[in-house]
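Asker: Per my numbering, residue 64 is the first one in the sequence shown, and the count goes up by one each step. Just so it is clear, CB atoms sit at the ideal spot from N, CA and C, and this is done for glycine as well. The structure presented is a predicted model; accordingly, all values stated were derived computationally and were not measured.
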Amino acid sequence: MSDLIKLKHETALREAAAVCPQPVAAAGARILRARSEESLIDAILKAGEVLARYVTMLGLASYAARDSSEGSLPYESDRLDGPISFGSFLEVSRALGGASIDHPLRSQIAAGFVAKGKANQSRRGPTEEALSTLLELRNELGHDLSSLSRSKAIAVLRDIDPLKLLNVALDGVEGLLSFPLFVVEEQVLSGGRVKGRRLLLMGDSADPEPESIELELPGLHHPGLPYVGFKQGAIRLSPLLVWDVAPASENFRLFLLDSISEGSVKHKAVDSQTRTGGEEARREVSAYLLEARVPMEAMRLARGASFSADWRESRKARQLKRIVPWESFDPETVRWFATRLEPGRDEATAQDVVSERLLDDREFLNSREHDQLILLFGQETPIRRLLRREMIDLRARKDINGRWDERIESHSNVLACLKEAVDFFMRNFDSDEDTGIEGLHEMTGSADYIAMREALVNFFIHQDYTDASAAAQVELTPDRAVFFNPGRALVSTEALVEGGKSQARNPIIARALRLLGFAELAGSGLRELQRTWRGAKRRPPRMESDESANTFTLTLDWREIPNAYDEFWKDKIGVQLTESEAKILNLAFDTSGVSLEEAASATDGRLEDANQALGNLVRQVLVDEDAGRFRVKEHLRELAK
Numbered sequence: 064m065s066d067l068i069k070l071k072h073e074t075a076l077r078e079a080a081a082v083c084p085q086p087v088a089a090a091g092a093r094i095l096r097a098r099s100e101e102s103l104i105d106a107i108l109k110a111g112e113v114l115a116r117y118v119t120m121l122g123l124a125s126y127a128a129r130d131s132s133e134g135s136l137p138y139e140s141d142r143l144d145g146p147i148s149f150g151s152f153l154e155v156s157r158a159l160g161g162a163s164i165d166h167p168l169r170s171q172i173a174a175g176f177v178a179k180g181k182a183n184q185s186r187r188g189p190t191e192e193a194l195s196t197l198l199e200l201r202n203e204l205g206h207d208l209s210s211l212s213r214s215k216a217i218a219v220l221r222d223i224d225p226l227k228l229l230n231v232a233l234d235g236v237e238g239l240l241s242f243p244l245f246v247v248e249e250q251v252l253s254g255g256r257v258k259g260r261r262l263l264l265m266g267d268s269a270d271p272e273p274e275s276i277e278l279e280l281p282g283l284h285h286p287g288l289p290y291v292g293f294k295q296g297a298i299r300l301s302p303l304l305v306w307d308v309a310p311a312s313e314n315f316r317l318f319l320l321d322s323i324s325e326g327s328v329k330h331k332a333v334d335s336q337t338r339t340g341g342e343e344a345r346r347e348v349s350a351y352l353l354e355a356r357v358p359m360e361a362m363r364l365a366r367g368a369s370f371s372a373d374w375r376e377s378r379k380a381r382q383l384k385r386i387v388p389w390e391s392f393d394p395e396t397v398r399w400f401a402t403r404l405e406p407g408r409d410e411a412t413a414q415d416v417v418s419e420r421l422l423d424d425r426e427f428l429n430s431r432e433h434d435q436l437i438l439l440f441g442q443e444t445p446i447r448r449l450l451r452r453e454m455i456d457l458r459a460r461k462d463i464n465g466r467w468d469e470r471i472e473s474h475s476n477v478l479a480c481l482k483e484a485v486d487f488f489m490r491n492f493d494s495d496e497d498t499g500i501e502g503l504h505e506m507t508g509s510a511d512y513i514a515m516r517e518a519l520v521n522f523f524i525h526q527d528y529t530d531a532s533a534a535a536q537v538e539l540t541p542d543r544a545v546f547f548n549p550g551r552a553l554v555s556t557e558a559l560v561e562g563g564k565s566q567a568r569n570p571i572i573a574r575a576l577r578l579l580g581f582a583e584l585a586g587s588g589l590r591e592l593q594r595t596w597r598g599a600k601r602r603p604p605r606m607e608s609d610e611s612a613n614t615f616t617l618t619l620d621w622r623e624i625p626n627a628y629d630e631f632w633k634d635k636i637g638v639q640l641t642e643s644e645a646k647i648l649n650l651a652f653d654t655s656g657v658s659l660e661e662a663a664s665a666t667d668g669r670l671e672d673a674n675q676a677l678g679n680l681v682r683q684v685l686v687d688e689d690a691g692r693f694r695v696k697e698h699l700r701e702l703a704k
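#1: Using the Cβ count rule (16 or more neighbours within 10 Å means buried), how would you classify M120?
#2: Got a sec? Which residues, its chain only, sit under 7 Å from P388 by beta carbon, not counting five neighbours each side?
#3: Looking at C-alpha atoms only, which residue of P570, D105 and Q336 is the closest neighbour of R213?
#4: Identify the residues that DSSP records as bridge partners of A535: which are they?
#5: When DSSP builds the beta bridges, which residues end up paired with F615?
#6: Between N476 and Q414, what straight-line distance do the alpha-carbon atoms span, to the nearest angstrom?
#7: Where does F427 sit, in a helix, a strand or coil, going by DSSP?
#8: Which class does F523 belong to by DSSP, given the choice of helix, strand or coil?
#9: Are three or more beta carbon pairs between the stretch 168-176 and the stretch 139-150 nearer than 8 Å?
#10: So who's on the other strand from R338, going by DSSP bridges?
#11: Do you know how far the Cα of Y351 is from the Cα of S430?
#12: Any contact of the stretch 329-342 with the stretch 310-318, i.e. 3+ C-beta pairs under 8 Å?
#13: I need the straight-line Cα distance from A92 to E505, nearest angstrom please.
#14: Taking only the alpha-carbon atoms, compute the straight-line gap between T412 and E279 and give it to the nearest angstrom.
#15: Closest to N649 by C-alpha separation, out of R700, D672 and H525, would be which residue?
#16: From the DSSP output, in three-state form, read off Q250 for me.
#17: In this structure, how does DSSP classify P273 when only helix, strand and coil are distinguished?
#18: Find out if the Cβ-Cβ distance for the pair A582, V520 is shorter than 8 Å.
#19: So what's M64 in DSSP terms, helix, strand or just coil?
#20: Bridge partners of P146, per DSSP?
#21: Determine the direct distance from the alpha carbon of F492 to that of Y512, and round the result to whole angstroms.
#22: Using 8 Å as the threshold, is the C-beta distance between L457 and I471 below it?
#23: Indicate whether the contact test is met: 3 or more Cβ pairs, each with one atom in the stretch 558-578 and one in the stretch 656-665, closer than 8 Å.
#24: Three-state secondary structure (DSSP) at W596?
#25: Return the Cβ separation of P273 and L264 in integer angstroms, given the expectation that the two are a contact with Cβ distance under 8 Å.
#26: Among the candidates L619, R694 and E248, whose CA atom is the shortest distance from the CA of S275?
#27: Could you tell me whether the Cβ atoms of A518 and L439 are closer together than 8 Å?
#28: Where do the N-terminal and C-terminal ends of the alpha helix (DSSP H) with S125 fall, by residue?
#29: If you reduce the DSSP assignment to three classes, tell me which class A573 lands in.
#30: Suppose the cutoff is 6 Å on Cβ atoms and the five residues either side in sequence are ignored; what does the same chain contact list for C83 look like?
#31: For the alpha helix (DSSP H) that contains D713, what are its first and last residues?
#32: Does the distance from the C-beta atom of L153 to that of A124 stay below 8 Å?
#33: Have a look at E469 and A80 and give me their C-alpha separation to the nearest angstrom.
#34: With DSSP as the reference, identify every bridge partner of F293, one or two as the case may be.
#35: Apart from the five residues on each side of it in sequence, which residues of its chain come closer than 7 Å, Cβ to Cβ, to G340?
#36: How close, in whole Å, do the beta carbons of R169 and A162 come, if the pair is a contact with beta carbons under 8 Å?
Here you go:
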């Protein structure tokens with residue numbers, strides 16, 4: 064019965080799951096996954112509340128972006144105290160849609176919450192009417208629906224048709240839902256242009272793929288925070304919506320305001336994960352709701368397109384969904400992955416574990432997610448067809464001038480190749496540690512182990528698998544390891560050196576490795592690698608991102624940094640330096656010199672501090688700069704011999 068009812072509305076639901084803002088899309092996708100009449104009704108009612116919550120958040124942010132500073136709040140602020148109810152969201156949205164003071168999204172909210180025509184001023188708009196009926200149904204059935212029988216659920220679905228009501232509610236605010244929801248994780252000014260990395264939070268995927276964009280000057284005021292974009296610009300949605308790490312699911316989630324209480328504020332994601340802030344967060348939210356004026360940012364993409372026009376161009380591609388390619392997976396890899404996550408589960412349910420833990424029970428994916436799953440779990444034939452090159456090329460030699468002592472090329476999936484790469488390191492590493500992939504979850508160990516762990520994980524989650532020009536390569540020699548990837552870094556040089564949390568190029572692969580305990584959120588791994596390398600007193604990792612060639616190279620130098628400062632400069636010339644300046648000077652003593660990025664990596668990881676230290680060394684006539692590299696003055700080098 065539930066399948067027949069869902070089929071009747073399936074087209075609209077699938078479209079909502081593909082192209083609506085992420086909270087609404089995720090709620091719609093849960094309806095498609097319902098397996099009983101009772102769970103179907105529960106999913107519909109929750110989707111209605113999510114829709115009401117999202118519309119209210121956009122309405123509040125839009126009102127804060129109003130031009131006029133006159134007039135009183137159109138809604139009763141006490142409706143947003145304590146746990147905010149379904150009914151309160153409806154009341155506040157209606158007030159915002161009918162506000163006497165204009166604000167950017169008023170007409171789109173009014174379309175769903177304000178009846179047209181003077182004669183209808185006391186009536187509710189189509190979205191509010193439909194959602195109010197769903198609210199009445201939920202109150203009648205009880206909040207937890209624990210006593211709902213199958214026969215009662217069938218009768219409700221037949222007689223009330225709550226799916227039809229939800230579709231009416233969605234149609235009423237179609238204009239509002241067509242505006243793109245997004246986060247620009249990072250933006251940098253380069254060559255007079257603002258380059259950014261955007262996550263488009265449209266569709267039901269909880270792991271949006273980052274994309275590079277260019278913005279008009281001066282760029283967004285608050286990168287890292289959620290915005291909604293439309294023809295005239297963009298409106299910041301924080302602190303009502305928060306994009307943050309969700310530890311339980313090992314990825315980022317969008318959290319919507321849920322309750323305000325004395326000393327705290329709570330946000331909730333569609334999957335019911337919560338995020339709680341303290342008194343400072345409560346004051347920020349309360350001030351926003353009561354008095355804040357947060358002007359709209361009149362911003363477009365550098366090519367002249369508005370955010371909404373840009374979204375319309377890519378919307379059709381988002382509607383093309385693909386099913387999970389189980390038939391292309393290697394059963395043994397799927398079994399191993401599932402057993403690592405849930406050792407107690409039966410082998411027959413390995414597919415269920417992957418679906419639940421990695422895919423949030425989604426059955427349909429976009430094309431990039433589909434391909435990432437094949438790369439992660441696939442058999443060799445589909446991987447060859449997809450990659451058009453080897454997955455990895457591992458090389459090791461003991462004599463720098465000799466032939467390779469060992470070379471491995473593989474078309475296997477990511478998990479199999481990760482195992483091969485770890486074993487390859489153990490065979491060619493001069494280390495007392497003997498760990499295979501089973502031990503890769505360990506967060507502590509020697510500098511060599513940490514470097515191997517973080518570099519290999521970075522190797523797979525940031526690789527550009529659409530680039531067929533070369534395989535990902537590892538070269539081991541007695542004094543260094545070089546990791547080469549097709550795929551330039553998506554973050555700035557500053558973010559590479561200083562670290563930070565961001566979305567990986569391949570979010571499904573990254574999430575899988577995090578679930579296994581092999582990876583942290585992107586950015587933190589390289590930070591840990593640099594910290595460990597500093598502790599071992601080795602030359603800092605060299606990270607080179609080539610945008611034109613679309614490549615990224617990480618070089619780890621095993622050699623310890625000689626302490627030339629203590630042995631020569633300090634004792635013989637009396638040069639007084641800070642600890643950071645002394646470390647950088649030791650690096651500059653090498654004939655290859657040191658770059659700003661390497662200097663930061665060798666000290667505290669801050670480019671600003673490293674730049675100041677290098678400036679001091681230049682002013683003291685201790686180093687020269689040439690093509691971005693700093694070297695000890697030649698006559699001083701001669702004195703030290």
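Answerer: Once the coordinates are examined:
#1: buried
#2: H433, L436 and I437
#3: D105
#4: A535 is bridged by DSSP to I455.
#5: N548 and S608
#6: 17 Å
#7: strand
#8: helix
#9: no
#10: H330
#11: 39 Å
#12: yes
#13: Distance from the CA of A92 to the CA of E505, rounded to the nearest whole angstrom, comes to 36 Å.
#14: For T412 and E279, the distance between alpha carbons rounds to 50 Å.
#15: R700
#16: Strand, per DSSP.
#17: coil
#18: yes
#19: For M64, the pLDDT reaches just 40, beneath the cut-off of 50, and the residue's location in the model is therefore unreliable, although a value from the coordinates is still provided. DSSP places M64 in coil when its eight states are reduced to three.
#20: According to DSSP, which records beta bridges pairwise, P146 is partnered with S322.
#21: 10 Å
#22: yes
#23: yes
#24: helix
#25: 12 Å between Cβ atoms; not a contact.
#26: E248
#27: no
#28: Its alpha helix (DSSP H) spans residues E100 to A127.
#29: helix
#30: L240
#31: It is not possible to answer for residue 713, since the shown part of the chain is limited to 64 through 704.
#32: no
#33: 48 Å
#34: Beta-bridge partners of F293 (DSSP): G296.
#35: S327 and V328
#36: 6 Å
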